[in-house]
Structure formats: C-alpha cells, structure tokens
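S.K.:
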Amino acid sequence: MHKIVLFILLSGTLSTLSWAEDIMRPGLWEVTTKSDLLALVPHIPSEQMQQLTNLARQYGLEIPQIRNGAATSNVCITPEMAKQEVPTYLYENQSGCTVTNANRTGNRYQMELMCDNPQFKGNGYAEGIFMSLESFSGRTEFDSVVRGAPLYAKADTQGRWIGERCEVAKPLR
Numbered sequence: 001m002h003k004i005v006l007f008i009l010l011s012g013t014l015s016t017l018s019w020a021e022d023i024m025r026p027g028l029w030e031v032t033t034k035s036d037l038l039a040l041v042p043h044i045p046s047e048q049m050q051q052l053t054n055l056a057r058q059y060g061l062e063i064p065q066i067r068n069g070a071a072t073s074n075v076c077i078t079p080e081m082a083k084q085e086v087p088t089y090l091y092e093n094q095s096g097c098t099v100t101n102a103n104r105t106g107n108r109y110q111m112e113l114m115c116d117n118p119q120f121k122g123n124g125y126a127e128g129i130f131m132s133l134e135s136f137s138g139r140t141e142f143d144s145v146v147r148g149a150p151l152y153a154k155a156d157t158q159g160r161w162i163g164e165r166c167e168v169a170k171p172l173r
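Using UniProt numbering, you'd call the opening residue of the sequence shown number 1 and step up by one each time.
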C-alpha cells in the first residue's frame with residue numbers, strides 16, 4: 001500500500017503538470033492532490049512512513065504535508081518543461097511506471113499508466129484540463145495489486161501558479 005500512496009503522490013503531482021506547451025506558465029506552482037488513500041496516511045506507522053519518505057527522496061521528491069486526505073506541495077516548472085508538449089520523462093521509471101497513449105488536444109490531456117515492480121503492478125489513467133495559464137485540474141485512477149492484494153485508487157488534483165521564482169522548490173527531474 002505504501003508504494004501506491006507514493007504513486008498517487010507522484011502521479012497526482014506529475015500527471016497534471018506534464019502538459020505545458022503554451023497553456024502553462026513556468027515558475028512555482030502549488031499542487032493539491034486529494035485521495036481516500038491519502039486519508040489513511042496518518043495511520044501508517046512511523047517506521048513505514050520513514051521508508052516511504054526515503055523512497056520518495058530516491059525520485060527527487062519530498063513527501064508533502066498531508067491533512068484531511070489532501071497533500072499540498074510546491075512544484076517548480078522550468079521554462080524548458082513548460083515548452084514540452086508531452087514530457088513523458090516525468091513518468092518513465094517513476095516507481096516502475098511507464099506512460100502509454102499520451103496525448104493532448106487543446107487544453108485537455110490524457111494518458112495511460114502501467115506499473116510493474118516487485119511491490120505493485122497495475123494500470124491506470126490520468127486526465128485533466130488547464131483552465132488558464134495559471135490553473136489546472138486533473139484526475140488519476142489506478143487499478144493495482146499491492147503485495148498480492150487488489151487495490152483501486154483515484155486522486156483529484158488542483159494546481160495554481162504562485163509566481164515566477166522557484167526558490168522554495170527544486171525543479172522536477
């Protein structure tokens with residue numbers, strides 16, 4: 001389950017940030033992801049939460065503050081990232097996941113996700129819309145098997161541009 005929580009954090013943050021060409025401003029963004037699974041985070045034993053935190057750091061991420069089933073974090077989008085129509089490098093090999101059938105039409109995007117690693121296997125999708133250069137919303141759904149147990153997860157994400165400078169957040173790798 002811990003890997004799937006990390007996957008939700010990664011996919012909720014990354015999937016909605018990946019469609020930038022002429023529809024997203026580079027700079028600092030506040031991203032909030034809500035999920036029923038994130039509501040379970042306070043019940044994860046501290047030792048296991050530390051393992052999850054260490055795993056996230058391996059991918060260059062910090063586990064954000066999680067309250068009431070929502071994780072809010074600041075994310076830096078570089079000008080180069082903002083120019084990419086479909087930057088699948090944000091997903092490839094993240095927790096053993098790959099992206100397929102990624103496409104964007106206007107300000108809407110969608111993609112399929114496939115994960116296959118020792119901890120969890122599954123398939124899902126992400127979709128979203130950019131309402132303006134400074135805001136977006138998205139949804140990720142994922143059907144998986146985690147350590148032999150089936151698990152369905154979904155997450156809703158909202159993002160808003162905060163400013164041009166990314167002094168409080170490192171760019172995503």
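C-beta atoms are modelled at their ideal positions from N, C-alpha and C, and glycine is treated no differently.
Decide if Pro87 is buried, meaning its Cβ has at least 16 other Cβ atoms within 10 Å, or exposed.
M.R.: Caution is warranted here: a pLDDT of 47 is assigned to Pro87, below 50, making its placement in the model unreliable, and the coordinate value is therefore given only provisionally. Its Cβ being crowded by 16 or more others within 10 Å, Pro87 is buried.
S.K.: Taking C-beta to C-beta, are Ile63 and Thr72 nearer than 8 Å?
M.R.: Contact: no.
S.K.: So for Pro26, helix, strand or coil by DSSP?
M.R.: In the structure shown, Pro26 sits in coil (DSSP, three-state: anything other than H, G, I, E or B).
S.K.: Measuring only the C-alpha atoms, how far is Thr32 from Phe130?
M.R.: Distance between the alpha carbons of Thr32 and Phe130 is about 15 Å.
S.K.: On the CB-based measure, 16 or more other CB atoms within 10 Å of its CB, does Thr105 come out buried or exposed?
M.R.: Thr105 comes out exposed.
S.K.: Could you have a look at Gln119 and say whether DSSP puts it in helix, strand or coil?
M.R.: DSSP places Gln119 in coil when its eight states are reduced to three.
S.K.: Entirely within the segment 102 to 165 and at least 4 residues each: give me those alpha helix (DSSP H) ranges in chain order.
M.R.: Runs of the alpha helix (DSSP H) inside the segment 102 to 165: none found.
S.K.: Find the nearest neighbour of Pro42 within the set Arg57, Ala70, Asn101, judged by alpha-carbon distance.
M.R.: Ranking the options by Cα distance to Pro42, first place goes to Ala70.
S.K.: Are the CB atoms of Val99 and Gly122 within a distance shorter than 8 Å?
M.R.: It is not a contact, given that the beta carbons lie outside the stated cut-off.
S.K.: Measure the CB-CB distance between Ile77 and Met24 and report whether it falls below 8 Å.
M.R.: Result yes, Cβ atoms of Ile77 and Met24 sit closer than 8 Å.
S.K.: Which same chain residues, not among the five before or five after Glu112, have their C-beta less than 6 Å away from its C-beta?
M.R.: Thr100, Asn101, Tyr125, listed in sequence order.
S.K.: Just reading off the alpha helix (DSSP H) that Thr72 is part of, what are its end residues?
M.R.: Note, Thr72: premise wrong, no alpha helix (DSSP H); beta strand (DSSP E) at 70 to 77.
S.K.: By DSSP, does Glu167 sit in helix, in strand, or in coil?
M.R.: In the structure shown, Glu167 sits in coil (DSSP, three-state: anything other than H, G, I, E or B).
S.K.: Compute the distance between the beta-carbons of Lys34 and Ala155, then report whether it is under 8 Å.
M.R.: Contact flag set, yes.
S.K.: For Gln158, count neighbouring Cβ atoms within 10 angstroms of its own Cβ and tell me buried if that reaches 16, exposed if not.
M.R.: With 16 or more other Cβ atoms within 10 Å, it is buried.
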